[in-house]
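Be aware that the sequence shown starts at 20, since it is given in the working numbering, and climbs by one per residue. Only one structure is covered here, and it is reproduced in the block below.
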Amino acid sequence: MPTQHALDSTRAREKLAAMNKAEPVDVGLRCPNCHCRHFYVVYTRPKVNGRTMRRRECRHCGRRIVTYERVG
Ligand SMILES: [Zn+2]
């Protein structure tokens with residue numbers, strides 16, 4: 020039944036949205052292109068002005084981003 024199906028998919032979408040909202044934000048680092056969180060580290064350069072530079076590449080779309088992490 021199309022009506023029931025539409026209801027189910029709406030519910031599934033709401034559940035997914037709730038799950039995404041519950042995810043901790045401070046872990047990452049999301050791909051600006053596809054919003055996934057899975058990166059390869061393709062290059063690490065230690066200590067640039069006291070920070071570690073990492074070049075990462077998105078596993079899904081290949082988008083490259085650079086992050087700077089303060090060394091604790
Ligand atoms: Zn991506």
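Backbone N, C-alpha and C define an ideal beta-carbon position, used for all residues, glycine too.
- Buried is the label assigned to residue 77, since at least 16 other Cβ atoms lie within 10 Å of its Cβ.
- At the C-beta level, residue 87 and residue 75 stay beyond 9 Å of one another.
- Per the C-alpha coordinates, the member of 65, 33, 89 and 54 positioned closest to residue 83 is 54.
- Here the C-alpha atom of residue 72 lies approximately 37 Å from the C-alpha atom of residue 32.
- Ranked by Cα distance from residue 56, the options 63, 65, 27 and 79 are led by 79.
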